[in-house]
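Residue numbering for the sequence shown follows our numbering, beginning at 2 and increasing consecutively. Glycine included, C-beta positions come from ideal geometry on N, C-alpha and C. Since this is a predicted model, take the numbers as computed values, not measurements. What follows is one structure encoded as structure tokens, with my remarks underneath.
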Amino acid sequence: MPKTTTTPRKKADQYNDPSHNYLKYWDGREYEHAAEEIAIRKLLRGRHFNTAVDVGGGYGRLCLLLEKYADDVTLAEPSQQQLDIAKDFLKDHPEVHRKLLQADDLKFPDGSIDLLTMIRVMHHLPDPSAEFAEISRVLSTNGYAIIEVANYLHMRNRLKHLARREHMPVKPVDIRSAANKRDDEIPFVNHNPHTVMRQLEHAGLETVANLSVSNLRSTQLKKILPRGVMLGAERALQRPLASVYFGPSVFFLVRKIQTS
Ligand SMILES: C[S@@+](CC[C@H](N)C(=O)[O-])C[C@H]1O[C@@H](n2cnc3c(N)ncnc32)[C@H](O)[C@@H]1O
């Protein structure tokens, strides 16, 4: 499939800012981290791959899990600062390659990647069409991708819209605070998963499964429920709640549409 762009067009500058500590962001978010690992395990159960790439993988938070599912893992990340943190975070795993790459220009040969993950990146991509085309280009014939989507249709938003008698938006919604709504700030959007599925299909990627993730994300619940209970419920709910896009995060498992 031809590439749609040759020059990376979005910058991930916030992740190069020394005052923005993405590693620290995860302090107190052990439930969310574990919920995402549960989702990846569910989607990949019984599968093993030669090559895996975590696109926009930050400092490599999920690379160790990916090593359980693939022989060769690459962290592909556009922020040099994140890659530098990854050097330390992954110091006991020198086999994980680290590459300075952006999702719309992955530089891997056509059809060379068997598993690609892109987690918590879609909220920076209001229009992911170039990135999806690039993912489709690099995926091998029997390859899979897991794309995580910050979900605008989650239950709380739906109740809010219902109370105001407003339709749910089809297009991505900018969720930046007024102070951050500057052109030089990285975009921050939530997506309508139905729109994302259409965009994936347009890029030649079919959705084979989806999960509703971080269903119990709530500061209050985290205070009163033991983490084991939260995660037991999360494990039980990810599939049943998938069809109603209940949680704030949706994990799509996609593969290349076979043309012959
Ligand atoms: C919220 S962090 C998520 C990091 C990692 N995936 C995780 O879940 O821990 C967002 C990451 O997306 C990266 N990013 C932003 N824009 C990107 C783009 N256009 N292509 C690839 N990565 C991008 C940032 O550099 C940052 O590392």
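Gln-81 and Arg-165 have their C-alpha atoms roughly 44 Å apart. The DSSP assignment places complete beta strand (DSSP E) segments of no fewer than 3 residues inside the segment 188–232 at 206–214, in order along the chain.
DSSP assignment within the segment 119–182 yields the following whole beta strand (DSSP E) runs of 3 residues or more, N-terminal first: 140–151. Each residue's CA atom was taken as its position, placing Met-169 and Glu-33 some 25 Å apart.
Pairing Val-171 with Met-198, the inter-Cα distance amounts to about 12 Å. DSSP places Ala-35 in the uninterrupted alpha helix (DSSP H) bounded by 31–45. Taking the CA atoms as reference points, Leu-160 sits about 12 Å from Tyr-153. At the C-beta level, Tyr-60 and Ile-86 come within 8 Å of one another. For Asp-55, there is no enclosing alpha helix (DSSP H); the residue is part of the beta strand (DSSP E) that begins and ends at 50–56. About 6 Å separates the Cβ atoms of Arg-138 and Asp-111, confirming a contact at the 8 Å cut-off. Between Ala-210 and Leu-67, the gap from beta carbon to beta carbon reaches 8 Å or more. Residue pairing of Ala-77 in beta bridges, as defined by DSSP: Val-56, Lys-100. Under DSSP, Asp-106 shares a beta bridge with Gln-103. Listed as beta-bridge partners of Leu-254 by DSSP are Ile-147, Ala-210. Taken from the Cβ of Ala-134, every heavy atom of ligand 1 lies 7 Å or farther away. In this structure Ile-258 is exposed. Its beta-carbon is surrounded by fewer than 16 other beta-carbon atoms within 10 angstroms.
At least 8 Å separates the beta-carbon of Glu-149 from that of Leu-107.
Per DSSP, the unbroken alpha helix (DSSP H) holding Lys-25 starts and ends at 23–26.
Distance from Met-156 to Phe-247 at the Cβ level is roughly 5 Å; contact confirmed, criterion being Cβ atoms closer than 8 Å. For ligand 1, a non-hydrogen atom lies closer than 7 Å to the CB of Tyr-16.
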